[in-house]
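J.: Structure provided below as structure tokens; questions to follow.
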Ligand code: ADP
Ligand code: MG
Ligand code: ZN
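Residue numbers (my numbering): 2 to 591.
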């Protein structure tokens, strides 16, 4: 018995004791202070924020960075400024080191899990060995009190408005309690990476002056079996004790993906963790004012159970920033940097549609680096241009457009918008934009006057012309086509086919509607000759629509140029502007 305990002692405390002798364990703040004091010479950063490295004196150290430090580029800048040599740990390396150093512990845990299962006691049910194992390492994150405020998040007024309710609730939970209203419990921030969701969550905590517990979804899944759920429990217990508080789960899809979908490994574990999270959110009592904010760019993969009332029942969209917001973000990030007078941040913003806030922060940093390399103290327009080119080329798969592409998209969308505005029965133009979203490089939005059930022949013909007008405009202005009109063509063709085949709008076919499904005997539902006639009629309709669009646009060529100019300049233009241009067309220069 005694012997067994001794072995246990060595196995359990051994590795820790040994490493402790060699490396100095630093708190993250102490580490930052050392960086600033130029006492750190090199660091290796692991994927989960484990940082190891050596101090100027040659001594090794290790520290753990909080999640938020990794999602802001702050740390990178600090390290860079201090001239620290940075390298990233290779996944396999970290893993191997981890396994090597933890192997004995792992074996032990395995044994206990096995024992626990056998005695029907689940791991981490408090006390006992579960408690021992969860003792210190289970601390997911330390609460932080961010000093970030809404003012630090540039733009996004609508989004801030939506999350202000959370701030209000955290500041005055008793008001809600008095009237028996259930405060917000879970808010899902949805949007592409780098749009400031983390920043915003921190600002909510900062504004409300409450503790902020940040974790990443994946940090739960990579833990030992059974610990993910226990960590969720500890996290919520901690937050409740210190409430009102905010728990922030970055990349919640890592744990919140649909259950039953077989992920790669750790699938059982993920399910347990998710179930625990749901249980905790349901268990919020009146007394605990904890709000969970979570962040994802793939809301569609989330388990529907997460989105039920009382859980993440609020979704706030955080889209890519529009022109004015990009200018504001650039202004925030150039604070404290000297710019020459010729730098116009609005120009920089204009050249960066599709950039996220993080991209813009990166752009400013790149520009500053370029100036520094040239030994200048001030940033010039060329620094920004160069940085922008490099970032765009670095991510050509992304949404960023090259200047000539922007021009083409502006002309294309202006074509749609003008023909719509010039067609009496067409739905009014509400908005045009050349800010890319997803696969679309630009868009013209039309708003129907009323909910239509019946469409006239004329309305449909004009719709065809509107759809083909983007292509027509490109042909007029550039004399050649691009691949950008494929969707328009497909849409127009579908509509034309229905007009001919289903609505009987074709003179040649007459008042006939042809079935689309094959007849029961497998025969074609209509004759070969009819099919040929349908094809012919469809292409006639399309050609007529294209000619109409072409004619309108040539007749209003000055308006076309003026509108595309406006779009290039402002990126998003209100429908009213289009009608204004049409009504007061620029005068033709002879
Ligand atoms: P997300 O969580 O949406 O991926 P982050 O909040 O991590 O994005 O943003 C990364 C960085 O980008 C921020 O730390 C900040 O420097 C910058 N950033 C993003 N959006 C904004 C914004 N609206 N205003 C100021 N900075 C921003
Ligand atoms: Mg983030
Ligand atoms: Zn189009």
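Positions of the beta carbon are idealized from the N, C-alpha and C atoms, including for glycine.
Quick caveat: nothing in here was measured; it's all calculated off a predicted structure.
Taking 7 Å as the limit between beta carbons, can you name the residues of its chain near residue 167, skipping five residues before and five after?
T.: 185, 188, 205 and 292
J.: Measuring from the CB of residue 157, is there a heavy atom of the ligand ATP at a distance below 7 Å?
T.: No copy of the ligand ATP occurs in the structure displayed; its ligands are the ligand ADP, the ligand MG and the ligand ZN alone.
J.: Please name the residue in 274, 258, 169 and 149 whose C-alpha comes closest to that of residue 235.
T.: 274
J.: Give the straight-line distance between the Cα atoms of residue 443 and residue 475, rounded to the nearest whole angstrom.
T.: 14 Å
J.: For the alpha helix (DSSP H) that contains residue 403, what are its first and last residues?
T.: From DSSP, residue 403 is part of no alpha helix (DSSP H); its letter is neither H nor E.
J.: Using a Cβ-Cβ cut-off of 7 Å (strictly less than) and excluding sequence neighbours within five positions of residue 371, which residues of its own chain qualify?
T.: Around residue 371: 384, 387 and 388.
J.: Tell me the DSSP secondary structure of residue 446 in three-state form.
T.: DSSP, read as helix, strand or coil, puts residue 446 in strand.
J.: In this structure, how does DSSP classify residue 432 when only helix, strand and coil are distinguished?
T.: strand
J.: Could you spell out the range, first to last residue, of the beta strand (DSSP E) harbouring residue 249?
T.: Counting along the chain, residue 249 sits inside the beta strand (DSSP E) bounded by residues 246-251.
J.: Can you look up residue 217 in the DSSP assignment and give me helix, strand or coil?
T.: When DSSP states are grouped into helix, strand and coil, residue 217 belongs to the strand group.
J.: Using the three-state DSSP reduction, which class does residue 579 fall into: helix, strand or coil?
T.: Under the three-state reduction of DSSP, residue 579 is assigned to helix.
J.: Are the Cβ atoms of residue 572 and residue 324 separated by less than 8 Å?
T.: yes
J.: So, at 6 Å on beta carbons, what are the nonlocal neighbours of residue 381 in its own chain, with the 5 sequence-adjacent residues on each side left out?
T.: 341
J.: In the DSSP assignment, find the unbroken alpha helix (DSSP H) run with residue 366 in it and report its ends.
T.: That run of the alpha helix (DSSP H) goes 358-374.
J.: Who are residue 297's beta bridge partners in DSSP?
T.: DSSP lists 191 as partners of residue 297.
J.: Can you tell which of 536, 300 and 312 has its C-alpha closest to the C-alpha of residue 284?
T.: 312
J.: Can you determine whether any heavy atom of the ligand ADP sits closer than 7 Å to the C-beta of residue 255, and answer yes or no?
T.: no
J.: Have a look at the DSSP bridge pairing and note the partners of residue 56.
T.: 41
J.: Do residue 192 and the ligand ADP come close, with the Cβ less than 7 Å from some heavy atom?
T.: yes
J.: Exposed or buried, what is residue 368 when buried is set at 16 or more other beta-carbons lying within 10 Å of its beta-carbon?
T.: By the neighbour-count rule (16 or more Cβ atoms within 10 Å), residue 368 is buried.
J.: Which two residues bound the contiguous alpha helix (DSSP H) that contains residue 540?
T.: 529-556
J.: Leaving out five residues on either side along the sequence, give the residues of the same chain with a beta carbon under 7 Å from the beta carbon of residue 60.
T.: Hits under 7 Å: 25.
J.: For the ligand ZN, which residues have a Cβ under 5 Å from at least one heavy atom, in chain order?
T.: 471 and 489
J.: Among residues of its own chain, excluding the 5 on either side of residue 332, which ones have a beta-carbon nearer than 8 Å to its beta-carbon?
T.: 155 and 346
J.: Output the boundary residues of the alpha helix (DSSP H) element that contains residue 232.
T.: 228-242
J.: Where does residue 468 land, buried or exposed, given buried means 16+ other C-beta within 10 angstroms?
T.: buried
J.: Could you check what DSSP says for residue 284 in three-state terms: helix, strand or coil?
T.: coil
J.: Going by other Cβ atoms of all chains shown within 10 Å of its Cβ, with 16 needed for buried, is residue 318 buried or exposed?
T.: exposed
J.: Going by CA-CA distance only, name the one from 251, 547 and 65 that's closest to residue 27.
T.: Checked all of 251, 547 and 65; the closest Cα to residue 27 is 65.
J.: Quick check: the Cα distance between residue 422 and residue 411, rounded to an integer number of angstroms?
T.: 16 Å
J.: Would you report the Cα separation of residue 500 and residue 448, rounded to the nearest angstrom?
T.: 22 Å
J.: DSSP on residue 1, reduced to helix/strand/coil?
T.: Residue 1 lies beyond the stretch modelled for the chain, which goes from 2 to 591, so this question has no answer here.
J.: With burial defined as no fewer than 16 other Cβ atoms inside 10 Å of the residue's Cβ, what is the status of residue 148: buried or exposed?
T.: Flag for residue 148 reads exposed.
J.: Using the DSSP secondary-structure output, state which residues sit across from residue 62 in a beta bridge.
T.: 25 and 54
J.: Taking three-plus beta-carbon pairs below 8 Å as touching, is the region 246-261 in contact with the region 192-205?
T.: yes
J.: May I have the straight-line CA-CA distance separating residue 233 from residue 193, to the nearest angstrom?
T.: 26 Å
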